[in-house]
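Q:
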Amino acid sequence: MTMAPSELRPVGLKCEYRVDPLGIDEGAPRLSWALESEGRGQVQSAYRILAASSEEKLEAEETLLWDSGRVESDRSVSVEYEGEALRSGSRCVWKVRVWDGAGDPSPYSGPAVFEAGFLERSDWKGDWISLGEKPDEGFEPPTGEDYDDLANGLAPSPYLRKEFPLDKPVCRARLYATARGVYELHLNGSRVGDDVLAPGWTDYDRRVQYQTYDVTPLLAEGQNALGAVIGDGWYAGFVGFDPKHRGALYGARPQLLAQLHVEYEDGSKERIATDGSWRCSEGPILHSDLLMGESYDAREEMPGWSDPGFDDSAWYGVKAEEIGDTNLVAQPDEGIRVTEELEAKSVTEPEDGVYVFDMGKNMVGWVRLRVEGEAGTEITLRHAEALNPDGTLYTTNLRAARATDRYVLKGDGEEIYEPRFTFHGFRYVEVTGYPGEPQPEAVTGRVVHSATPPAGSFECSNQMVNELQQNILWGQRGNFLSVPTDCPQRDERLGWMGDAQVFVRTASFNMDVAAFFEKWMADVEDAQSPEGAFPDVAPLLTGSGLMDLSRGAPAWGDAGIIVPWSIYRTYDDTRIVERHYDAMARWMEYLHEANPDLIRKNRMGNNYGDWLSPRGDHTPKHLLATAYWAYDAKLMAEMAEAIGRTGDAKEYRSLSQRIAAAFNEVFVSPDGRIEGDTQTCYLLALHMGLLPEDRRPAAAEHLVRTIEREDWHLSTGFVGVGYLCPVLTETGHTDVAYRLLLNKTYPSWGYTIKNGATTIWERWDGWTEENG
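When we follow full-length UniProt numbering, the leftmost residue of the sequence shown carries the number 1, and every step to the right adds one.
1) Are T716 and T680 close, meaning C-beta to C-beta below 7 Å?
2) Using DSSP's beta-bridge definition, name the partner residues of H713.
3) Would you identify the three-state DSSP class for E418, choosing helix, strand or coil?
4) Indicate the three-state DSSP secondary structure (helix, strand or coil) for T212 in the structure shown.
5) Residues bridged to K14 by DSSP?
6) Specify the secondary structure class of Y204 as computed by DSSP and reduced to three states.
7) Would you mind giving the Cβ-Cβ distance between M584 and I561, rounded to the nearest angstrom? I have them listed as a contact below 8 Å.
8) Do you know whose CA, among T212, L549 and G237, lies nearest P332's CA?
9) Among all the DSSP beta bridges, which residues are the ones paired with M363?
10) On the three-pair Cβ rule with 8 Å, is the stretch 14–26 touching the stretch 106–121?
11) Between I472, L494, Q469 and Y608, which has its C-alpha nearest L481's C-alpha?
12) Y628 and L683: beta carbons closer than 7 Å?
13) Which stretch, first to last residue, makes up the alpha helix (DSSP H) that contains P165?
14) May I ask which residues mark the beginning and end of the beta strand (DSSP E) holding T444?
15) State the CB to CB distance for the pair P554 and N607, rounded to an integer number of angstroms; the pair is presumed to be in contact (CB under 8 Å).
16) Assign T768 to one of two classes, buried (16 or more other C-beta atoms within 10 Å of its C-beta) or exposed (fewer than that).
17) Sort R87, V98, S32 and G12 by Cα distance to Q44 and report the nearest one.
18) Determine the DSSP secondary structure at N606, reduced to helix, strand or coil.
19) Near D74, which residues of its chain fall below 7 Å by C-beta distance, leaving aside the five closest residues on each side in sequence?
20) From S78 to G193, what does the alpha carbon distance come to, in whole angstroms?
21) Whole alpha helix (DSSP H) runs in the stretch 35–114 with 4 or more residues, listed along the chain?
22) In whole angstroms, give me the CA-to-CA distance for Q501 and C725.
23) By the three-class DSSP mapping on this structure, what secondary structure does I753 have?
24) Compare the Cα-Cα distances from L154 to each of A757, D358, I285 and E441 and report the closest residue.
25) Are the Cβ atoms of A640 and A649 separated by less than 7 Å?
26) Please list, in chain order, all residues of the same chain as L291 whose beta carbon is under 6 Å from its beta carbon, the five residues on each side excluded.
27) Measure from the alpha carbon of E701 to the alpha carbon of each residue in T734, V447 and R174, then state which is nearest.
28) Note down, in chain order, each residue of its chain lying with its Cβ closer than 6 Å to the Cβ of Q255, except the 5 sequence neighbours on either side.
29) Taking all protein chains shown into account, do 16 or more other C-beta atoms lie within 10 angstroms of the C-beta of A375, making it buried, or fewer, making it exposed?
30) For R279, I'd like the list of residues in its chain whose CB is within less than 8 Å of its CB, leaving aside the five on either flank, ordered along the chain.
31) Would you kindly check if the distance between the Cβ of M363 and the Cβ of L393 is under 7 Å?
32) Which residue wins for smallest C-alpha separation from L8, given the options D104, T63 and V113?
33) Are P419 and D405 touching if we call contact CB-CB under 7 Å?
34) Please return the same chain residues whose Cβ sits closer than 8 Å to the Cβ of N224, not counting the five positions on each side in sequence.
35) Does the beta-carbon distance from P535 to A527 come in below 7 Å?
36) Indicate the three-state DSSP secondary structure (helix, strand or coil) for G552 in the structure shown.
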């Protein structure tokens, strides 16, 4: 009997949370799909996945890599591939069909693809290459800005190239590449890929990400040329907030590693890799730095430098270094990309020859400059988030970050410039040296962030709330650049753990952040101390003379538990739990060993407390720390249960209950009043389930009383603010939650919007009417 086709259809196929990913290094990649139907109330009751090495074999359903058979399950996320073992570079084309609740099958979906990257360390054959020693041409002393750059440790960005012949028609080619630093690839004069600031930030001593590109259309039979530009990036540039620290956290000069794999139509293969035969030169990028900016002299451009036949006789040999024991891993998440352009809203001239462009809202990235003028004309672009009363840039909050780009014209008609290896957080761009009077279209904002795809949106009848949601989303985009940072503008831009755990749940409503946080959790585990401490920031910033960031403070180190739990709960993904379970267990042991009485007073690290509370932090820090420890144990019990560690789950559940009992004994009065009597005290106790049921109503009333005491304003810092409205709603005080949400006087979300905020301020008093 022929079954009626179902209205239910599988769509949006993904592998490892990405559409048709290249170069994954998971042996059992996870497959997911969405469901679509014109009818309401449809459910999936079963699925069948077919996978093959080509579209033709999949269509014919022959020589399959995998046939799951009909699997009775409603699962449509993180279904593990169980087919023929993947090999390095192997290609897998797959499709899925589903059965609805009535047992009727859908048509098969369209095909989706994933490709394995390098699954064995031995697959890498090339060398790290960097700028070699330039032949002695006589010493020319540095002058002017060149000397300033030299004194600051800023160096030109190396250009690298290699020519090679291909003597047969090509059917497939993949380019695997990474850098200690940041890189941009070119092949036969064309830019490879659209990622920027690749390979992203990791602890390069522990883990270096590589990217995979399909370059088949860019190759030609005959002579070919592969080129690259590399910059300091996070590897060798300024990072963090110690102005005396040059950077070079991992090394002194950037390096490139690349391997081109070519498969010919006759089935033969060839490999071209970075090695000592490559040539190098300095070029027009006089310096590039994430914090300081980029300087570019267009007169030094080398037209055709990545084309075959380019005269590189003036170039010289690279410095080559063996790969050694570098841990090379495929990048698991989407790269950093330009995702949007903004037009300048206005241009003002607060001083003669000083033009200030308003981009309309705070953004992260850089600007594209259009200009025409005489050769040698130097244009300076400075970036800032705010203006002084006289209309000039306010840059005090940038601290040591110069955030300045410079462009020297070559004098050849209209010229277009945008930097490669820097980024800025700004709303305003100051342009000086511009020939003539620039119009708004002279600069275009280029918005840059990790290209996490949208997941959800929100809109309501209240315009202020809509603006708040847009500010939250805009802030997320601006702070998700390879790691979840605290800020994108000043000399910091670090992956603060506390910020991440507070925001991860919200982030997942806005965007699909599973792969992004899986990448970052690898950073977190890389930064874990031998004793088990999670850090304050990941990747860990070392060598700074300001503070030790390796001994996770309460609410910061605890992100090592909260973030994996949040991803597991949001995406029903247990792999992140399995992968980091041992690290999480070490953190729990680290805390328990030092606090046998179950009140967390020891191993508190930098102990930030309820950071940036507008009325001063009066939440007892050992109370906050103990609450988070109990919460960690509660979440660990849930995660242990999810991966089948029932014995551990029982122990962690018991630990959570015992810490909660100690919390109540030390901090909670019989009438539900909690020591410190702050909003955050009550929010932690109520949200984290630390109170007996008979004390919860009284504690909720005390919470409302603390809000009334502040004239119906919030007084929470980083730690408490995320729980404020949810806890009020859960405890039956929705009216108070709405009152706080819609408030427009200081301190409140509405106050920031009323005063021009286009993203989320770090401080409630980022700007006030009294203090500016």
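Every residue, glycine too, gets a C-beta built ideally from N, C-alpha and C.
A: Taking the definition as stated:
1) As a position in the sequence shown, residue 716 is number 716, starting the count at 1. As a position in the sequence shown, residue 680 is number 680, starting the count at 1. Cβ atoms of T716 and T680: closer than 7 Å.
2) Start at 1 with the first residue of the sequence shown, and residue 713 comes out as number 713. DSSP lists no partner for H713.
3) In the sequence shown, counting from the first residue as 1, residue 418 sits at position 418. If DSSP states are grouped into helix, strand and coil, E418 belongs with coil.
4) By one-based count along the sequence shown, residue 212 stands at place 212. T212: strand per DSSP, three-state reduction.
5) Indexing the sequence shown from 1 puts residue 14 at position 14. Answer by DSSP bridge pairing, in chain order: S32.
6) Position 204 of the sequence shown, counting from 1, holds the residue named residue 204. Of the three classes helix, strand and coil, the one that applies to Y204 here is coil, per DSSP.
7) Numbered from 1 along the sequence shown, position 584 holds the residue referred to as residue 584. Numbered from 1 along the sequence shown, position 561 holds the residue referred to as residue 561. Yes, they are in contact, since the Cβ atoms of M584 and I561 sit about 5 Å apart, within 8 Å.
8) Numbered from 1 along the sequence shown, position 332 holds the residue referred to as residue 332. Looking at the Cα atoms, T212 is the closest of the given residues.
9) Translated into positions along the sequence shown, residue 363 becomes position 363. Paired residues: F426.
10) yes
11) Taking the sequence shown and counting its residues from 1, the one referred to as residue 481 is at position 481. Closest by alpha carbon: L494.
12) Here residue 628 corresponds to residue number 628 of the sequence shown, with the count starting at 1. Here residue 683 corresponds to residue number 683 of the sequence shown, with the count starting at 1. Not closer than 7 Å, so no.
13) Within the sequence shown, residue 165 is the residue found at index 165, counting from 1. Where P165 is concerned, there is no enclosing alpha helix (DSSP H), although the beta strand (DSSP E) it sits in stretches over Y159 to L166.
14) Start at 1 with the first residue of the sequence shown, and residue 444 comes out as number 444. Run containing T444: V443 to S450, per the beta strand (DSSP E) assignment.
15) Residue 554 sits at position 554 when you count from the first residue of the sequence shown. Residue 607 sits at position 607 when you count from the first residue of the sequence shown. 7 Å between Cβ atoms; contact.
16) Taking the first residue of the sequence shown as position 1, residue 768 is located at position 768. Result: exposed.
17) As a position in the sequence shown, residue 44 is number 44, starting the count at 1. Nearest C-alpha to Q44: V98.
18) To locate residue 606, count along the sequence shown from 1; it is residue 606. N606: coil per DSSP, three-state reduction.
19) Counting from one through the sequence shown, the residue named residue 74 turns up at place 74. For D74, where only same-chain residues beyond five positions count, the Cβ hits under 7 Å are V43, Q44 and S45.
20) Position 78 of the sequence shown holds residue 78. Position 193 of the sequence shown holds residue 193. Their backbone Cα atoms lie some 27 Å apart in a straight line.
21) 55–60
22) Position 501 of the sequence shown holds residue 501. Position 725 of the sequence shown holds residue 725. So the two alpha carbons sit approximately 17 Å from each other.
23) As a working note, residue 753 is residue 753 in the sequence shown. I753 falls in the helix class under three-state DSSP.
24) To locate residue 154, count along the sequence shown from 1; it is residue 154. Minimum Cα distance to L154 is reached at I285.
25) Residue mapping note: residue 640 aligns to position 640 of the sequence shown, counting from 1. Residue mapping note: residue 649 aligns to position 649 of the sequence shown, counting from 1. It is a contact, given that the beta carbons lie within the stated cut-off.
26) Within the sequence shown, numbered from 1, the residue matching residue 291 stands at position 291. Only F238, A401 and D491 meet the Cβ criterion.
27) Residue 701 sits at position 701 when you count from the first residue of the sequence shown. E701 has its Cα closest to that of T734, out of T734, V447 and R174.
28) Walking along the sequence shown from the start, residue 255 turns up at place 255. Within the same chain, Q255 has close Cβ partners W128, S130 and R180.
29) Counting from 1 along the sequence shown, the entry for residue 375 is found at position 375. Result: exposed.
30) Here residue 279 refers to the residue found at position 279 when the sequence shown is read from its first residue. L160, R161, K162, D312, W315, Y316, G317 and V318, listed in sequence order.
31) Mapped onto the sequence shown, residue 393 falls at position 393. Mapped onto the sequence shown, residue 363 falls at position 363. In this structure, M363 does not lie closer than 7 Å to L393 by Cβ.
32) Within the sequence shown, numbered from 1, the residue matching residue 8 stands at position 8. Answer by Cα proximity: D104.
33) Residue 419 sits at position 419 when you count from the first residue of the sequence shown. Residue 405 sits at position 405 when you count from the first residue of the sequence shown. The answer is yes: Cβ separation under 7 Å.
34) By 1-based counting over the sequence shown, the position of residue 224 is 224. Cβ within range, chain order: E163, F164, P165, L166, L187, N188 and P308.
35) The count along the sequence shown starts at 1 and reaches residue 535 at position 535. The count along the sequence shown starts at 1 and reaches residue 527 at position 527. Yes. Within cutoff.
36) Working through the sequence shown from its first residue, we reach residue 552 at position 552. Three-state DSSP puts G552 in coil, outside helix and strand.
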